[in-house]
Amino acid sequence: MRNYLIFFISIILLISLTGCPDEFPPDGAELTIINNSDEDIIWFNVDHIITSDTNYMVETLPWGNNIDNYIITKGNSFSDTFLLGNIKYLLEEGWMQYYLLNYDTVLTVPWERIRDENIILKKVYFETWEDLEACNFTITYP
């Protein structure tokens, strides 16, 4: 009987000393961007610490030459798929922002002016995992 008691106490001590490992959330989670406006919009995100200025927008075109992958037409939505474990780590170490811009503006106004004058429709800033959970992994425009 004493051996069972020692074994049981040993197991409890082992569990309490090592703790349970953090369980990584499943891969392939989605942040959905919903465009409820009457205009086509463009989205992009800055998802790591680039500068201490939280109003920072990237220096070059965030979508390169492939703008079609970033359009959300009026009345539609887009789901940005990411690895939850990576996003949890990112938000422990920094932040991420999503920018929404008017599609026609992006086509007609030089990027330098959009960036320098901050010509955007909406910016959503996530600093913690709780920020993502609070919006239910959804960004709605307007």
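Heads up, the sequence shown stops at 129 in my numbering, and the numbers go up one at a time, no gaps.
Built from N, CA and C at the ideal position, the CB exists for glycine as well.
Helix or strand or just coil, what does DSSP make of residue i?
{"i": "THR92", "result": "helix"}
{"i": "LYS109", "result": "strand"}
{"i": "ASN23", "result": "coil"}
What residue range does the alpha helix (DSSP H) around residue i cover?
{"i": "ASP118", "result": "116 to 121"}
{"i": "TRP98", "result": "98 to 104"}
Which residue from the options puts its Cα closest to that of residue i?
{"i": "ASN52", "options": "GLU26, LYS75, TRP98", "result": "TRP98"}
{"i": "ILE106", "options": "TRP30, GLY72, ILE20", "result": "TRP30"}
{"i": "PRO129", "options": "GLY81, LEU48, ASN89", "result": "ASN89"}
{"i": "THR92", "options": "ILE54, ILE20, ILE21", "result": "ILE54"}
{"i": "ASP25", "options": "GLY62, ARG102, THR19, TRP50", "result": "GLY62"}
{"i": "TYR86", "options": "TRP50, ILE28, ASP27, LYS109", "result": "LYS109"}
{"i": "SER64", "options": "ALA16, ASN23, TRP116", "result": "ASN23"}
{"i": "ALA16", "options": "PRO49, ASP27, VAL33, SER66", "result": "SER66"}
{"i": "GLU79", "options": "ILE101, THR125, THR60, GLU117", "result": "GLU117"}
Based on the DSSP output, what are the partners of residue i in its beta bridges?
{"i": "LEU18", "result": "ASP67"}
{"i": "TYR86", "result": "PHE31, LYS110"}
{"i": "ILE74", "result": "Answer is none; ILE74 lacks a bridge partner."}
{"i": "ILE58", "result": "ILE29"}
Mark residue i as exposed unless 16 or more other C-beta atoms lie within 10 angstroms of its C-beta, in which case mark it buried.
{"i": "THR68", "result": "exposed"}
{"i": "TYR76", "result": "exposed"}
{"i": "LEU94", "result": "exposed"}
{"i": "ALA121", "result": "exposed"}
{"i": "ASN73", "result": "exposed"}
{"i": "TYR112", "result": "exposed"}
{"i": "ASN56", "result": "exposed"}
{"i": "ASN157", "result": "Here the chain comprises residues numbered -12 to 129, so residue 157 is not present and cannot be evaluated."}
Provide the residue span of the beta strand (DSSP E) that contains residue i, from first to last.
{"i": "TYR128", "result": "125 to 128"}
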